[in-house]
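*Asks:*
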Amino acid sequence: NYVRRLYLDDKALDGAQSDKLLMLPEKSYALKMVSKVFHFFAREYGLFSLAEFETRIEETYKNMADQSLNWLAFLFITLAVGEQYSNEAVSKNRIPGMDFFLTTLKFFHEPIEEPTFDSIRTLLLIAFYSQGLNRMNSVFTYTGLALSTAMILGVHRRASNSGLTKLEKEKRRKLWWTAFLMDSLWASRLGL
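When we follow the numbering used here, the leftmost residue of the sequence shown carries the number 33, and every step to the right adds one.
So, in structure tokens, the structure goes:
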């Protein structure tokens, strides 16, 4: 039985795209959004360390040209989720976070042949953002990609964690279980 639901449809995303990439917001605004995401759920889910993220933001604002597209996608989706959860937007009369979300999609192409931990985090945050748009199929797809990417990187294996510090092992474990549980949750919600 198909149940009708309200969600942001694909046409709305296509029509919102522009040829121009969104530039970084004021650094203080970016730090505020990152802090929101971290305190709201990223700490609990092991998505990133606030200190590490703030250091990377400082480097990005000093020299954006030398930043990888993978990192920029992770940064922009974090800003998008921050706007969504604080219900404010840089651009007036826009869905909170939508400009950052669309920029993320321009920077980030999945699957990629050489994924990183930023790839997993980006996919999970895209899923979180899509959840706020009630795009359930997208959420399920992105959590599945996050889970597959984590497996490619061997995050699910204890043996691949040998030689790491206790803190690094814990970060990997949290990231793995976040991807696994989100994928399982959405499969269950969709009856898959």
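We put the CB at the ideal spot given by N, CA and C, even for glycine. On a predicted model such as this, the values are computed, not experimentally measured, just so you know.
Quick test of your reading: L63 and E86, contact by CB under 8 Å. State the CB separation rounded to the nearest angstrom.
*Replies:* That belief holds up - the Cβ atoms of L63 and E86 are roughly 7 Å apart, short of 8 Å.
*Asks:* Here's the rule: buried if 16 or more other CB atoms are within 10 angstroms of the residue's CB, otherwise exposed. What is D51?
*Replies:* Residue placement at D51 cannot be trusted, given a pLDDT of 49 that sits under 50; what the coordinates show is reported in the next sentence. By the neighbour-count rule (16 or more Cβ atoms within 10 Å), D51 is not buried but exposed.
*Asks:* To the nearest angstrom, how far is it from the Cα of W218 to the Cα of S180?
*Replies:* 15 Å
*Asks:* Where do the ends of the alpha helix (DSSP H) carrying K124 lie?
*Replies:* Per DSSP, K124 belongs to no alpha helix (DSSP H) and is neither H nor E.
*Asks:* Rounded to the nearest angstrom, what separates K203 and G78 at their Cα positions?
*Replies:* Going by the C-alpha atoms only, they are around 6 Å apart.
*Asks:* Could you check if L185 is buried or exposed, using at least 16 other CB atoms within 10 Å of its CB as the buried criterion?
*Replies:* buried
*Asks:* Under the three-state reduction of DSSP, which class applies to D215: helix, strand or coil?
*Replies:* helix
*Asks:* To the nearest angstrom, how far is the alpha carbon of L156 from that of Y174?
*Replies:* 7 Å
*Asks:* Tell me whether the beta-carbon of G114 lies closer than 9 Å to the beta-carbon of K68.
*Replies:* The Cβ atoms of G114 and K68 lie closer than 9 Å to each other.
*Asks:* May I ask you to report which of helix, strand or coil DSSP gives Q99?
*Replies:* coil
*Asks:* Which residue spans inside the stretch 117-174 form an unbroken alpha helix (DSSP H) run of at least 4?
*Replies:* 130-139 and 149-164
*Asks:* For the alpha helix (DSSP H) that contains V187, what are its first and last residues?
*Replies:* Where V187 is concerned, there is no enclosing alpha helix (DSSP H), given that its DSSP letter is neither H nor E.
*Asks:* I need the boundaries of the alpha helix (DSSP H) containing M65, first residue and last residue.
*Replies:* K59 to V69
*Asks:* Between the alpha carbons of G195 and W208, how many angstroms are there, rounded?
*Replies:* Taking C-alpha positions only, G195 is separated from W208 by approximately 18 Å.
*Asks:* Determine the extent of the alpha helix (DSSP H) in which F85 is found, giving its start and end residues.
*Replies:* L82 to K94
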